[in-house]
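A short worksheet on the structure shown next.
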Amino acid sequence: MSGSVDRRAVLTGAAATALVIPVAVVATRNAATLAVASTSGTATASTTQPPGAALGAYLQIDSANNVKLFIGPSEMGQGIMTGLGQLVAEELMLNWSQLSVEHATATAASPNPFANPMFGAQITGGSTSIRGWYIPLRTAAAKARDMLFAAAEAATPGGGWQLASGGKVTNGVTTFNFSDLVAAAAKLTPPSSVTLATTRNVIGKRLHRTDIPAKVDGSAVFGIDVQIPGMVFASVIHCPTSGGIVASMPSSQNGATLINLGDAVGVIATNTWSAMNAAQSLASAIKWTLPTNLASRDSVQILATAQSLLTSTTVTPRIYESVGGIDPAAALGQATTKIDATYNLPYLAHACMEVLNCTAVVTPTSAEIWAPTQGQAMCFPTIMGITGLPASAISVHTTYLGGGLGRKIEQDYISQAVKIAKQIGKPVKLVWSRKQDFQNDKYRPCASIRVQAGADAAGNITALLYRNVSPSINIQRNTTPGNNPEDTGAVAGAVGLPYAIANRRIEFVPNPADIPLGYWRSVGESYNTFAVESAIDELALAMGKDPVALRRSLLTSANPRLLGVLNAVDKLSGWSTTAPPKGSARGVAILSGFGSYIGLVAEISGSATSIRVNKMFCAIDCGVAINPDSIEAQVQGGIAHGLSAALWGQVTFASGIPNVTNFSNYRVLRRAEMPAVSVAIVPSTEAPGGVGETGVPCVAPAVANAFAKLTGVRVRTLPFFPGATMSDG
Amino acid sequence: MMVPVSTTLTLNVNGVNRTATVSDTGMPLLWVLRDILGLTGTKYGCGIEICGACTVLVNGQAEKSCVMDVGSAVGKPIMTVEGLAVDPDGQKAQAAWIANQVPQCGYCQPGMLMVTVGAMKAGHHGASIGSENSNVCVCGTYQRINQAVQGL
């Protein structure tokens, strides 16, 4: 990763015919700094992209006038390659077939042109990729367009340049392909301001995803598929008890080389199967030092602590929202209708279809990884810390992710692969077994939530006291002794409620449990929305009101978009007009979150011991819909994910030992159980909102509300059916 | 310490005879395909024949390659996702998957496709193809799978 740089353009190494226009994506103070570094020095693939741009995403245009877009966000199924590609294709009037999209190789460039403008860091999470890139990427493409115009003018003065479809520039007299102009255009200074396209020939269209052909013929390269010449295969075994570290270990096992990774042992073999088998067979040969406080890693103890903190009058809660002139506790005393309900949600696993894996090459002067990662920004400090190398010596190649769901933002598996590669001096592909993946997750926090609410005789909701007791991701990750960070994410979905509730207080009390925590698709909303939307339903029943009608009455004029999706899902589901089929019942839940608005109606049948979720009706307002088909896919997927969790998802711990080992005891939804999902996308010209997580949180409350209607039984503890198993279909 | 004894096997994969040297003929076909032959389209999901990401066709029948000893596949035609493009049923299934924009993350889809093609070869059509399929997809592409098989 060295070599002189042309400040504005570079011929890429392997694809010498391809020219690159570096384009300022983020308008920063130094738009002239369009430096690009030389190509990667390793013997591996990915030399088509010049890493190290100081600014800007890269558009690469080859001699056949094909356009390649390099992106920062990770493609983990949400369709981000396609969504961002559509933005660029709109600005540049590209034919869809002439555009391809790849992950950029992450390098030490500072500022990192591939950092999500919403975070200032290259992280894929929080349903922010379209939100973060919507304007910046279009701006970058528009700058490229204007530079191509300037190059055309320089070649053939005459003015009047405009785009023509298919990657062309014309003034009616002369027409150029982009490929004719790209070399000259790349030498120009990008314009400081541009006008974005107002056409909608690509944005809003149900274009086919760019990544799907490779996903039906086996050619898509996921992290687990990376092959490096001379690589060895590795797997790991962690302490069976959460938090244990290696006390002693043998030096080899069945011929496999063993490496002490601190909280795990790495096993090197000639193939993944041998490595996994050797790792598993080590279980009794490794001596582990267990954490001292196993009670803080025991589900029974953790739940008991939570129940105590829920009702404690001596603990000082963190008050994350306080609204209204009257203490909600006092307002409750005046209420004529009251509810006092406690909801309990379990730890959850991510269970990505692709287990954790990472391929690494570490030399004395460089480090390179290939990984299914959502957290490129964190990979650099991880690798620097292990290797002692400067960031400039490190490359991070993002593969396709076989699901991310928040798990693959973590650094544990990255760190292990880099440690092993450094120690053995060979390229290594580390692949966790499914059991290791389930038993060493960074779990969705468990949560116990008490909701006290009351209404007056006129039907106004006058009081809401909300206490969330859950282990805190932020506090657990605090590395500064004595520091006690805030964690408002723990009450996401409970603060800023859209409902007209006069007096409310939202409290958070951290549960001091030590089970490792992580970000699970929809994070705080995944538990708070269950409590909020269940409680609203309980209140409606107590008040004798229709759940949709009550919500409608509570939505003020300040929430037209949420009201819009409520009305849309009412219509779509026939809630107000058509009774559900005999033996069925409906439940509703709504959410304003991730920059979007969603309403969900579940239609279920069955009994208290066995239900079938037959239909799901969803209305979503996510602002400008870049690709409606992708949005529908994300809603369908979010519903499936939410249903798996609501019906069966649960990880428990007995003195630190997790109960789950595989899909056999962590049941997830299968094909025959998939409800028919109908999606209505509410038309909008507002800025795009997030979609990846938005479909998940309303599922559990909508089903619980339908279940209460169907059976008269209120489910306040998830999952509905704990202890479910799954076998070969 | 076990002393590995290498065995060289011939496997017919997607119509091509390939030799694989393994230290144990009990090694699952999945890992021979992936780690020795470099055919990484077939995926590891659970290792205990539940999720179906590893599904391949052996003698035209859908098999979960994560639990199938490679030795038992010797002498039988093996088809993986990489072979679909030259198989008439495979081509139809791939086209249906694209037309219905089925994959999200895509990791389970090789297995989904192989189950589907196995069902087609067993004489199933339309919805009855789907009934053969209990593979796991965490992305939740099931609705589109159900749509995609309608025309097959």
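Chains as they are written, first to last, in my numbering: chain D, 315 to 1043; chain Z, 43 to 194.
Where a beta carbon is used, it is the ideal one built from N, C-alpha and C, also for glycine.
Per the C-alpha coordinates, the member of Z/Met156, Z/Gly165, Z/Leu71 positioned closest to D/Asn585 is Z/Leu71.
The straight-line gap separating the alpha-carbon atoms of D/Gly807 and D/Tyr780 is approximately 12 Å. Around the Cβ of D/Asn798, a 10 Å sphere holds fewer than 16 other Cβ atoms; the residue is exposed. Nearest to D/Gln688 by alpha-carbon distance, out of D/Ile573, D/Ile763, D/Gly832, is D/Gly832.
A direct Cα-to-Cα measurement between Z/Ser173 and D/Phe536 gives close to 28 Å. The DSSP assignment places 651-659, 671-676, 681-685 as complete runs of the beta strand (DSSP E) inside the region 633-696 of chain D, in order along the chain (cut-off: 3 residues). Looking only at D/Gly901, D/Ala731, D/Gly446, the smallest Cα-Cα distance to D/Ser919 is reached by D/Gly901. When secondary structure is reduced to three states using DSSP, D/Glu416 falls in the strand class. Closer than 9 Å to the CB of Z/Leu81 there is at least one CB belonging to chain D. Using beta-carbon distances, D/Ile734 does not count as an interface residue toward chain Z, since no partner is under 9 Å. D/Ser622 and D/Pro1011 have their C-alpha atoms roughly 26 Å apart. Note that the C-beta distance between Z/Glu124 and D/Asp531 is below 9 Å.
The three-state secondary structure of D/Lys929, taken from DSSP, is strand. Non-local beta-carbon contacts of D/Ile640 in its own chain, meaning distances under 6 Å to residues more than five positions away in sequence, involve Asn817 in chain order. In the three-state reduction of the DSSP assignment, D/Leu876 falls in the helix class, which pools H, G and I. Excluding sequence positions up to five before and after D/Phe463, its CB lies within less than 7 Å of the CB of Trp475, Val483, all in the same chain and listed in chain order. Taking 9 Å as the threshold, the shortest C-beta distance from Z/Gln192 to chain D does not fall below it. Straight across, the Cα-Cα distance linking D/Cys553 with D/Pro543 is about 32 Å. Judged by beta-carbon spacing, D/Asn568 lies beyond the 9 Å limit of D/Ser598, meaning their Cβ atoms are not closer than that value.
Here D/Gly952 is not near D/Glu987, since their CB atoms are 9 Å or more apart.
Fully enclosed beta strand (DSSP E) runs of no fewer than 3 residues occupy 476-478, 482-484, 489-491 of the region 470-550 of chain D, in order along the chain. A distance below 8 Å between beta-carbons, with the five flanking residues on each side excluded, links D/Pro605 to the following residues of its chain, in chain order: Thr555, Ser556, Gly557, Gly558, Arg611, Asp828, Gly970.
Apart from sequence neighbours up to five positions away, the residues of its chain that approach D/Ala735 with a beta-carbon distance below 7 Å are Ala674, Val675, Val676, Pro741, Val742, ordered along the chain. An exposed status is given to D/Ile633, since fewer than 16 other beta-carbon atoms sit within 10 Å of its beta-carbon. D/Gln964 sits buried, since 16 or more C-beta atoms from the chains shown fall within 10 Å of its C-beta.
Nearest Cα to D/Val993 within the set D/Ala423, D/Ala620, D/Val949: D/Val949. Remark: C-beta atoms of D/Ile437 and D/Gln730 do not approach each other more closely than 9 Å.
For D/His955, the secondary structure class from DSSP, reduced to helix, strand or coil, is helix. Where D/Lys756 is concerned, there is no enclosing beta strand (DSSP E), because DSSP gives it neither an H nor an E. At least one C-beta of chain D is nearer than 9 Å to the C-beta of Z/Val144.
When Cβ pairs closer than 8 Å are counted between the two stretches, the region 715-725 of chain D is seen to touch the region 388-398 of chain D, the count reaching three or more.
Looking at the DSSP output, Z/Asp111 shares a beta bridge with Z/Pro70. The beta-bridge partner set that DSSP reports for D/Gln750 is empty. Per DSSP, D/Gly907 is not a residue of any alpha helix (DSSP H); the beta strand (DSSP E) it occupies stretches across 898-907. Around the Cβ of D/Arg791, a 10 Å sphere holds fewer than 16 other Cβ atoms; the residue is exposed. Counting only Cβ-Cβ distances below 9 Å, D/Ile573 has no contacts in chain Z at all, with the closest Cβ about 18 Å away.
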